[in-house]
Each structure stands twice: as C-alpha cells, then as structure tokens.
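Structure first, commentary second.
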Amino acid sequence: MNRRSFLRGTAGAGLALGAGLPSLGGRLAALGAAPNLSHVEARYYVKLPDREIECRLCPRLCRPGDKERGYCGVRENIGGTYYTLVYGKVCSLNVDPIEKKPFFHVLPGTSALSLATAGCNVNCKFCQNWEISQVRPEQVESSDLSPEAAASQAAEAGCPSIAYTYTEPTVFFEYMYDTAVRAKRRGVRNVVVTAGHINPEPLADLLSVVDAVKVDLKGFSKEFYAEYVRGDLKPVLETIRAVARSKVWLEIVVLVIPTLNDRIDLIRDMSRWIRSEAGDHVPVHFTRFQPMYLIKNLPPTPVSTLEAARQVALDEGLRFVYVGNVPGHEGENTYCPSCGSVVVARVGYSIGAIRLKKGKCEKCGTPIPGIWA
Amino acid sequence: MAGARVVIVKSSTVWTPSGDPDPAVVSRMLGRGFALLAEGTEAAAAAALFRPDDRVGIKVNAIGGRAISTRPEVALALAGWLARNGLMEKNLFIWDRTTRELRDAGYTPSAARNGVKVFGTDADGVGYGPDLVSHLGVGSLFSKIQTEFATASISLAILKDHGLAGVTAGMKNYFGAIHNPNKYHDFHCNPFVAEVFDAPPVKARHRLSILDALVVQFHKGPSYHARWANKYGGLVFSLDPVAADTIGWTLIERLRAAAGLPTLGEEGRAPEYLATAEKMGLGRADPAAIETVEEVVA
Chain A
255 MNRRSFLRGT AGAGLALGAG LPSLGGRLAA LGAAPNLSHV EARYYVKLPD REIECRLCPR
315 LCRPGDKERG YCGVRENIGG TYYTLVYGKV CSLNVDPIEK KPFFHVLPGT SALSLATAGC
375 NVNCKFCQNW EISQVRPEQV ESSDLSPEAA ASQAAEAGCP SIAYTYTEPT VFFEYMYDTA
435 VRAKRRGVRN VVVTAGHINP EPLADLLSVV DAVKVDLKGF SKEFYAEYVR GDLKPVLETI
495 RAVARSKVWL EIVVLVIPTL NDRIDLIRDM SRWIRSEAGD HVPVHFTRFQ PMYLIKNLPP
555 TPVSTLEAAR QVALDEGLRF VYVGNVPGHE GENTYCPSCG SVVVARVGYS IGAIRLKKGK
615 CEKCGTPIPG IWA
Chain B
11 MAGARVVIVK SSTVWTPSGD PDPAVVSRML GRGFALLAEG TEAAAAAALF RPDDRVGIKV
71 NAIGGRAIST RPEVALALAG WLARNGLMEK NLFIWDRTTR ELRDAGYTPS AARNGVKVFG
131 TDADGVGYGP DLVSHLGVGS LFSKIQTEFA TASISLAILK DHGLAGVTAG MKNYFGAIHN
191 PNKYHDFHCN PFVAEVFDAP PVKARHRLSI LDALVVQFHK GPSYHARWAN KYGGLVFSLD
251 PVAADTIGWT LIERLRAAAG LPTLGEEGRA PEYLATAEKM GLGRADPAAI ETVEEVVA
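Just so you know, the protein sequences line up as chains A and B, in that order.
Counting in the numbering used here, the first sequence runs from 255 upward without gaps.
Counting in the numbering used here, the second sequence runs from 11 upward without gaps.
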C-alpha cells in the first residue's frame, strides 16, 4: 500500500462531465456502498444526558451529538455511544527505516513496520501527510489489519519495532494500544510519532505499553499553535514532561518554518525548556520544511537556519541535536558528547557506521542514552 | 429582487394524518415563496435566478436521519418546481456528502440519466476535486458536485439549533460540500461558516437559501430530540444567505422563548458567524435591516 493513498473518488474513474452532464447510469450499485469503517466502542469518553457524550481522549474534549463526529473525524456518537471508526482500518502500511520517523537513538539501522489510520486531532497548515491525516476514514482506501496481524507481520518482516506514525496515532488510540500489547508479547517494540495532543490518562496508559515516543513540538508560542496548528501548546508540553518522567524513550522534532517559527530567541527558549523539563539527553531534531498543504508560499528552510537552531540548542546544553531533511549534513550524525567522535554516522535514512559498544562510545566509553539493542 | 428580503411561507395543512408533509402543499408553499421573493410570478422568479441550461445542485442536509434532515418531500417538490419553470430534470441534483445519509434520511438514490439525480459525494466516480481550495482560514477539497456538476446551487437546509454554531441553516449547510467539516467547528464555527460560504466554489454558484422549517429543532441540536422539535410548518426563502439564517435564528429564539429556554446568547452560543458574514459583505445580519414577508398557504 502506498504511503499516500489517494482520496477516494478523486480519480473520478469512468465519470466525466463530457457534454455537460455526468453519466451515472449503471452505477446505482455503488451509490451508498458501505464504507470500510469499524464500530468499536471508544475508550476515554463519558456519556451525558440526551445521547450526548464527551470525549476525554484529547484536550479538545469534543461533545458531538448523536450522529456527529469529533474534531478528529474518526470517532462518532451513535445513539449516545462513542465509537472509533478506524480500529484495524489501516490506510498506510510500510516497512521504513526507523531513522525516517525520525528516531536516532532507537535501534539504528533497523526497520519499523509503520502504520496509520486516517485522521488527526490537529490541523497543521504545513502537514506533510494531509491526504491521509486531514480526511475522514471513508475518504481514503483502507485495509483490515487486526492488532494480532500487525504484530505478526512485524515479526515476520523482521522488524524489531512497530511505528504508529504518518497521521496522529492518538486518534486511533484503541487500535494502537491493542496492537502494542500484542507486539510486546512477541518481543516487538512499539514506537509512537505524535503531536502530543493527548490527555494525561490515555497517555499514561499508552506509556505502559510502548518503548519510545517522538513528539513533534511544532513551535514554542501559543499564538503559533493557535494559528498554524489549530491546537494548544500547553498539553503538548505536558505530554513531553510526562514522557520524560516515564521509562519511555523520548525524542523531539521541531519542523522549522521560515518566518513562522524560526525566531532564534524562541528556539533558545524552547531549548532551555527542553533541557529543564525533559533533560539534556533528549535528542532534538531541527528539520527542514518543504512547501506543502496550505503553506506553499514559503521556501524550504535555509540550511543555515537549521544550523543556527542546532547551535543555539547545543549552546543551551542539549547534548544530542540534529539537522533533519538535509541528507548528508554533518548534523545527521550522533556525536559523543565527551570526546566528540561520531558514534552513529548517517546519510539520510542510511546508517554509515555504528561505533557503540553496549551503548557506550567505542572510543571513550561514555554512555550514549537510547535503545540500542 | 431585493437583497435583504426574507419570505416565510407557512401552512397548517402541510402535515398529512400519517405525520409526513403533503407534497402538494409543499409544492404550493414553494411556488408562493418564489413568487413573493420575486415580487412577481413564479416564472419570473425562475427566470431571474437560473438559466434554462443551468445544472442546479440542491444541497440538502441529510445528517440527521429521517427525523431531522431536509425532508425529501421538500427537495423533490423543489426539483419539480424547477422542472416546471424551465429547467431540465436531468440537470437537477439533490445531494449531500454521502448517499448512505441521504438514504437514511428517506431519499431514494437515483442516477437516472434523464431524471432528477439523488446521490452523495461518495458515489462511485464523484468524490472531491483534486485541488485544495485555500481560502482565508479554510483549506478544503470541495465536492465535485459543487465544483463541476452544478452551475447553480440552492442551499436547501434544515433549520436547527446547533450546540457549537448556535444555528445550522443555509450557510453551514455547505460544510457538507467540503471533505473536512470536522476541522471547522472550533470557536463556534466562526469565522469558518462564513469563510466556507465565501470560498469560490460556493459563492460563485449559490443562488438562494431555502430553509426547511417544517420541523425546527430549537434546542439540543443538531441531533434530533423530539421534546425540543417543533412542527413549525414553514419554509424560509432568501437570496441573502445571511439574512435567511438570521431570520432562522429569530425563529429558533421564538420557539425557545415559548418553551421557557434561555436565548442562545445567554447560553454563550449565539451564531456569531452571522456578524462575521455581514462584515465580509455576504449579506445582512441585522434583523432590523431585513424585510420579512410572511404568508400562510392553505
């Protein structure tokens, strides 16, 4: 299955306006064909009077009425019971290098069975995967893949991890959680790529079954989150804090967008905050923006901007700071913070060399934090 | 025709003993509504609004099931009225986002080549246009029914209270034309209702709003709750989309007051999108600036 499934119907196969009118003759059988949706009761919601519900999965606390969906578009109130429509309905499934997520301190050089369902609980104007994240599940092709089958496929494909990624895993929480439990039983690790817009209770439950979380910290101002993410910064920071306090490995990605979130003073504030609240060992990736979705009027991020951001973060005491989406850049490598030697050499998603012995720098023996085996 | 003019046509005989609308009465209500709107004949109204070769999309709101959606009797009567007044049946589309929802609301899907068509955007070979329309704060794909099939559009909406927007009526009905309406319910759907309407695929084709107010859900909407649904027995017409919704709001407030409910403003959910729409030049949101004509049809 392609990573970016086509929106259903956009191909418009067999139907053209031609002389002015569409020809729908002979297509009655297709009218109203049932979409491939699940009807599994959602977790983390409360029932209210008059068939209303309140979703407690994410900070939006949506209260959709009967027959209505939440902001994510993948959960529906049907007669006063809330259902996830995407349980086991996978719209994207690939075997990816784990560096693509990116995780740089988790099993480098290995592959992750990477999967997603439709939907997202924010709406970033720069979304790189909007064709599957910013749609309702019936608008993309999806295939059935049970949690057990996903765990089994990962093991059979020789993937030591499953990555919940591409869209926003929070919105397919139930499926992610159940899959993670089964994967764990098989010795397959679970890694999550998220915007961090999740409430503390489901997050705590998630952290009990996964091994690593990468949080997209999309900016460091409330205003940026409101305008360009359609979300709130505060719960994202809470998520980072919670992951950092847990035993789960944490990495942070910051997509740097020219003129929108690239102010060096904010990068500095962000770096200080990360060091203070999450720790100086947390890898931070400053990645390059490409014009996409609703922001096509800005150029790709200059490499010099990424380098400046990286330098500021290093100056603020973060020990593992990377430049992303610039294949071949020296900022892709992991350096030993003690002796400065390259302990993991990378070019794009490829690993050049790993110079670690039992998680320590081969040269000087300094422990390098991460999940290495 | 005057811009900020709203016509309300009511009938006490619209309900049959079985509880369904009488198509013949609905048809008379529609004819009278158009005539009052045009301040002339029905034919004059049709001629002023449409070209004979227009392909007219009749956008209904079918999300509420049989109980509280745009009634099929109204949509079909409207298609009939258009056909009697110079438009070709084969050029009329009754539509919403999914055929399943249309069916659940009591419609019979149809793709008849020479007849009135009834189907959703999800029908095979329809779908959404391939290009994102980025307009003000909105970024959406629009249904091909709106962008390609139709040359003219009627918003034939159900009039309902809405827990977030305050009111859902003719303007918000076009949320059903975009692929991601769930993304535009923040901040009481404001300014998104106005911005979706202002987007070229809608604004360029919209000709008039007709609100199905045969049954009005005046509280706890948009879902159906019999306790707060009133058999108002009316249809609301306007060329001004903002004025139509504004008068719809006043009808809801009237029903709420009669039921002893607080106003939408008192509940902190007045339909603020109306003022936004007025500021954007889409119509009049001040009831005092709207000429309202009411008539009862036997």
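Built from N, CA and C at the ideal position, the CB exists for glycine as well.
The beta-carbon of Asn190/B is placed less than 8 angstroms from the nearest beta-carbon of chain A.
Counting only Cβ-Cβ distances below 8 angstroms, Ile73/B has contacts in chain A at Lys321 and Glu322, in chain order.
Looking from the CA of Ser396/A, the closest CA among Pro591/A, Leu347/A and Asp465/A belongs to Leu347/A.
Taken through DSSP and simplified to helix, strand or coil, Asp465/A comes out as coil. With respect to Cys374/A, Cys326/A sits close: the two C-beta atoms are nearer than 8 angstroms. If you draw a 10 Å sphere on the C-beta of His195/B, you find 16 or more other C-beta atoms in it, and that means buried. A straight-line Cα-Cα distance of about 52 angstroms links Thr371/A and Glu305/B. Going by DSSP, Gln407/A is part of the alpha helix (DSSP H) stretching over Pro401 to Glu410. Straight-line measurement puts the Cα of Leu261/B at about 9 angstroms from the Cα of Phe228/B. As for any beta strand (DSSP E) of minimum length 3 sitting wholly inside the stretch 133-216 of chain B, the runs are 143-145, 148-150, 162-172 and 176-178, ordered along the chain. Judged by DSSP in its simplified three-state form, Met430/A adopts helix. The DSSP-derived three-state label of Asp523/A is helix.
Chain B places no beta carbon closer than 8 angstroms to that of Asn348/A, leaving this residue out of the contacts. The beta carbon of Gly324/A sits closer than 6 angstroms to the beta carbons of Cys309, Cys316 and Pro318 from its chain, once the five residues preceding and following it are set aside; these are given in chain order.
Using a Cβ-Cβ cut-off of 8 angstroms, Asp32/B does not count as an interface residue toward chain A, since no Cβ of chain A sits closer than that to its own.
Here Val425/A carries a helix assignment [DSSP, helix/strand/coil]. Spatial neighbours of Ala299/B in its own chain (CB-CB distance under 7 angstroms, excluding positions within 5 residues in sequence) are listed in chain order as Ala14. Contact between Leu274/B and Gly180/B does not hold, since the beta-carbon distance rounds to 17 angstroms and is not under 8 angstroms. With fewer than 16 neighbouring CB atoms inside 10 Å of its own CB, His293/A falls in the exposed class. Within the model, the alpha-carbon separation for Val36/B versus His235/B is close to 24 angstroms. Within the same chain, and ignoring the five residues on either side of Ala253/B in sequence, the residues whose Cβ sits closer than 7 angstroms to its Cβ are Ala14, Val16, Gly293, Arg294 and Ile300. Assigned with DSSP and collapsed to three states, Met98/B falls in coil, not helix or strand. Secondary structure at Ser365/A: strand, using DSSP grouped into helix, strand and coil.
Apart from the 5 residues on each side of it in sequence, Lys438/A sits with its Cβ closer than 8 angstroms to the Cβ of Asn444 and Val463 in its chain, given in chain order. Annotated as proximal: Glu505/A and His359/A, with beta-carbon spacing under 8 angstroms. Only residues of its own chain outside the window of five on either side were considered, and among them Ile307, Pro318, Asp320 and Glu322 have a CB closer than 6 angstroms to the CB of Asn331/A, listed in chain order. Remark: C-beta atoms of Pro119/B and Gln156/B do not approach each other more closely than 8 angstroms. Close to Val340/A, with beta-carbon spacing below 7 angstroms, lies no residue of chain B; the smallest spacing is near 13 angstroms. Contact annotation for Gln393/A against chain B: His189 [CB-CB distance below 7 angstroms, chain order].
Sequence-distant partners of Leu97/B (beyond 5 residues in either direction) whose C-beta falls short of 7 angstroms from its own C-beta, in its chain, are Phe60, Pro62, Asp64 and Val66. Excluding the 5 residues flanking it on each side, Phe478/A has same chain C-beta neighbours closer than 6 angstroms at Asn515, in chain order. As summarised for the stretch 61-90 of chain B, there are no continuous alpha helix (DSSP H) elements at least 4 residues long confined to that stretch. Taking 8 angstroms as the threshold, the shortest C-beta distance from Asp106/B to chain A does not fall below it. Bounds of any beta strand (DSSP E) do not take in Asp114/B; it lies within the alpha helix (DSSP H) bounded by Thr109 to Asp114.
Thr448/A: member of the beta strand (DSSP E) spanning Arg443 to Thr448, first to last residue. By the CB criterion at 8 angstroms, Arg542/A and Leu560/A fall inside the cutoff.
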